[in-house]
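Enquirer: With the sequence shown counted from 1, adding 57 to any position gets you the working numbering. No residue lacks a Cβ here, since even glycine has one placed at the ideal position from N, Cα and C. Below are the structure tokens for one structure; questions will follow.
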Amino acid sequence: MRSSRSSSASRSSRSSFRARAAAALIASAAVIGSLLTAGSGVAHAADTPLRDLGAARGKVIGTAVTGSRLTGTYGDLAGAQFGSLTPGNAMKWGSVEPSRGTFDWAEADRIVAFAEAHGQQVRGHTLVWHSQNPGWLTGGSWTPAELRTLLRDHIGTEAGRYKGRIAAWDVVNEPFNEDGTYRSTLWYDGLGADYIADALTWARAADPAAELYINDYNVEGVNAKSTALYNLVRSLKERGVPIDGVGLQAHLILGQVPATFQQNIQRFADLGVDVAITELDIRMTLPSDSAKLAQQKADYKAVTAACAAVARCVNLTVWGFTDSDSWVESTFPGQGAATPYDANYAPKPAYYGISEALGGTTTPPPTGACTAVYTVQSQWNTGFTGNVTLSCSGASLSSWRVTWTYGAGQRITQSWNADCAQSGAAVSCRNAAYNGGVPDGGSVSFGFNASWSGGNPVPEVTLG
Ligand code: G3I
């Protein structure tokens, strides 16, 4: 083990007060809903943040993020629940150098600064890939020597810029085909398989403290592709090439966690490298229902348990923590709901699958429930726009009424997609003629404008 890794536990404990405070803020201000079946207001915020559960077991629980979204509830949850952040796109070559010699570090910088402010690690993703490269690079015509210089300079520039601030770099991403042969890419075709060793060596020179990983998908179980990765890592270590870990992406399909997942993690650990689950998501055919969500919980729990069982499995990162920030729906039409939080930031059974595998005492919200979540969408000096979203899972509604009591004199002036009435501090909103039905797996939203002064705390809402 390299010494930089041991700092994660102390970083996590230094930040635990901040994390708990943020979690409490979320519970009181942003993600308050009510379960129709439970009858009274129940906050869905977790008892113990995933990052704390993980830290207690020597695991860093992370998420991929979109830098521009790191505010509001998204930012609160990203900061409170996770111990590491991976930029989903912001550090890819096409993002940071869209024109040759012209760099855009804004989103990557923002993510790194956010992580440092929240006591989180950053996993850098990714220095060498066949995809999301800039057009000037892929459209160019390069001699092998030019290509090698371009790659060396890119790694030096990017890893050098964040020197000392990145816990681990996915140095090389997705080098293999499914049958274990090398993927034909700009790099392999131009430079041969040694581009991998060279990239690792250049990354080590640029940032000696960062753990250096090779990352791939469909390598979670023991199969031809993971065996090729295993053989590569073994040979790199034999040659003295710097390699510290392997990333198993884990873009999984509901009900298909490989039976050999833990065995596979263990064999890499036995080679003397760390393992990270780097991009976990588990997609299902839409719409989701309670049975699928229960299976997804079991799958998330199985993956987390496999990592928890192997000491050198050091990080488990979800590829987006909310269904509103996932690549799945746009890539696999008709598939989705792949992450641990729904699009309204309510934790799904999957969240509790991770939590339970880490020894968390939280239990999943009852299945067969409809919830209402109140959020302040925008606010100015005298007014604000609010939104309430009703969501059903394993249950449905044919009509609804949402009530709350304002504690700071707020007054609703206008509403849409619901008939709202306010008497004193008490507000009651009923469905409009056209949106009383909320199907299993569906949601309905309504909005309103209101005035405020002094303070604008979020009230607890009741769905009945
Ligand atoms: O930023 C542009 C935006 O300006 C434009 O309007 C829009 C229109 O399509 O595209 C936006 O870029 C998209 C980008 O994500 C940011 O949202 C790209 O089209 C889209 O292709 C890109 O997808 C990313 C994908 O990698 C590319 O292969 C996903 O967000 C990202 O989650 C995904 O991540 C990869 C990992 O890096 C490696 N492992 C697999 C994983 C899933 O594909």
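May I have a chain-ordered list of the beta strand (DSSP E) segments no shorter than 3 residues that lie completely inside the segment 170-218?
Expert: Those beta strand (DSSP E) runs which fall completely within the segment 170-218 and span 3+ residues are 178-185.
Enquirer: For the putative contact between L269 and V303, defined by C-beta atoms under 8 Å, what is the C-beta separation to the nearest angstrom?
Expert: The pair is not a contact, with the Cβ atoms about 10 Å apart (cut-off 8 Å).
Enquirer: Does the beta-carbon of E231, which I'm using as the reference point, lie nearer than 8 Å to any heavy atom of the ligand G3I?
Expert: Yes, the beta carbon of E231 sits closer than 8 Å to at least one heavy atom of the ligand G3I.
Enquirer: Which residues mark the beginning and the end of the beta strand (DSSP E) in which G440 is found?
Expert: Counting along the chain, the beta strand (DSSP E) containing G440 begins and ends at 440-450.
Enquirer: Between L343 and K149, what straight-line distance do the alpha-carbon atoms span, to the nearest angstrom?
Expert: Approximately 30 Å between the Cα atoms of the pair.
Enquirer: Classify W509 as buried or exposed, calling it buried when 16 or more other Cβ atoms lie within 10 Å of its own Cβ.
Expert: It is buried - the Cβ of W509 has at least 16 other Cβ atoms within 10 Å.
Enquirer: Give me whichever residues DSSP pairs with Q471 in a beta bridge.
Expert: Its beta-bridge partners are N506.
Enquirer: Looking only at C-alpha atoms, which of L257, G464, T470, D236 sits nearest to G512?
Expert: Residue G464 is the option with its Cα nearest to G512.
Enquirer: Tell me whether N474 counts as near the ligand FMN, meaning its Cβ is closer than 8 Å to at least one heavy atom of that ligand.
Expert: No copy of the ligand FMN appears in this structure; the ligands present are the ligand G3I.
Enquirer: Would V117 and N321 be called neighbours here (beta carbons separated by less than 9 Å)?
Expert: Taking 9 Å as the Cβ cut-off, V117 and N321 do not qualify as a contacting pair.
Enquirer: Assuming L110 and G443 form a contact by the criterion Cβ under 8 Å, report the distance between their Cβ atoms to the nearest whole angstrom.
Expert: Between G443 and L110 the Cβ distance is about 33 Å, and since that is not below 8 Å, they are no contact.
Enquirer: With H, G and I counted as helix, E and B as strand and the rest as coil, what does DSSP make of V385?
Expert: In this structure, V385 counts as helix in the three-state DSSP scheme.
Enquirer: Grouping DSSP H, G and I as helix and E and B as strand, with all else coil, what is A87?
Expert: For A87, the pLDDT reaches just 31, beneath the cut-off of 50, and the residue's location in the model is therefore unreliable, leaving the point undetermined.
Enquirer: Use the C-beta contact count for N438: other C-beta atoms within 10 angstroms, 16 or more gives buried, fewer gives exposed.
Expert: So N438 counts as exposed.
Enquirer: Any contact of the segment 266-285 with the segment 194-207, i.e. 3+ C-beta pairs under 8 Å?
Expert: Verdict: no, contact absent.
Enquirer: Do you know offhand how far Y357's Cα is from S412's?
Expert: Each residue's alpha carbon lies about 9 Å from the other.
Enquirer: Report the partner residues of R340 according to the DSSP bridge assignment.
Expert: Note: R340 sits in a beta bridge opposite I310.
Enquirer: Between W457 and L520, which are expected to be in contact by the criterion C-beta below 8 Å, what is the C-beta distance as a whole number of angstroms?
Expert: Indeed, because the Cβ distance is near 6 Å, the residues count as touching under 8 Å.
Enquirer: Using the Cα positions of N474 and C486, report the straight-line distance between them to the nearest angstrom.
Expert: Rounded to whole angstroms, N474 to C486 spans 10 Å at the Cα level.
Enquirer: What residues are listed by DSSP as bridge partners for G302?
Expert: Beta-bridge pairing links G302 to Y270, D331.
Enquirer: Does the segment 138-154 come close enough to the segment 175-189 to have 3 or more Cβ pairs within less than 8 Å?
Expert: Yes, the segment 138-154 is in contact with the segment 175-189.
Enquirer: In the DSSP assignment, what are the bridge partners of V477?
Expert: For clarity, residue 477 is Cys in the given sequence; the question names Val instead. Answer is C486, bridged to C477.
Enquirer: Out of C427, A403, V332, state which residue places its alpha-carbon closest to the alpha-carbon of A366.
Expert: The option with the nearest alpha carbon to A366 is V332.
Enquirer: Since L204 and L248 should fall inside the 8 Å C-beta cutoff, what is the C-beta to C-beta distance between them, to a whole number of angstroms?
Expert: About 6 Å; that satisfies the 8 Å criterion.
Enquirer: Would you tell me roughly how many angstroms separate the C-alpha atoms of A429 and P496, rounded to the nearest one?
Expert: Each residue's alpha carbon lies about 14 Å from the other.
Enquirer: Roughly how many whole angstroms lie between the Cα atoms of I212 and E231?
Expert: Their backbone Cα atoms lie some 17 Å apart in a straight line.
Enquirer: Could you tell me which residues DSSP puts in a beta bridge with V360?
Expert: Looking at the DSSP assignment, V360 forms no beta bridge with any residue, so it has no partner.
Enquirer: So, using beta-carbon positions, are A351 and P265 closer together than 9 Å?
Expert: Taking 9 Å as the Cβ cut-off, A351 and P265 do not qualify as a contacting pair.
Enquirer: Buried or exposed: R157, going by 16 or more other Cβ atoms within 10 Å of its Cβ?
Expert: R157 should be labelled exposed.
Enquirer: Would you check whether the ligand G3I has a heavy atom nearer than 8 Å to the C-beta of S508?
Expert: No.
Enquirer: Around the C-beta of A163, are 16 or more other C-beta atoms found within 10 angstroms, so that it is buried, or is it exposed?
Expert: By the neighbour-count rule (16 or more Cβ atoms within 10 Å), A163 is not buried but exposed.
Enquirer: Given that a residue counts as buried once 16 or more other Cβ atoms are within 10 Å of its Cβ, and exposed if not, what is K220?
Expert: Burial call: exposed.
Enquirer: Given K349, which residues of its chain have a CB within under 7 Å of its CB, disregarding the five upstream and five downstream residues?
Expert: Hits under 7 Å: L311, M341.
Enquirer: What are the start and end residues of the beta strand (DSSP E) that includes Y402?
Expert: Y402 -> no beta strand (DSSP E), and no H or E assigned at all.
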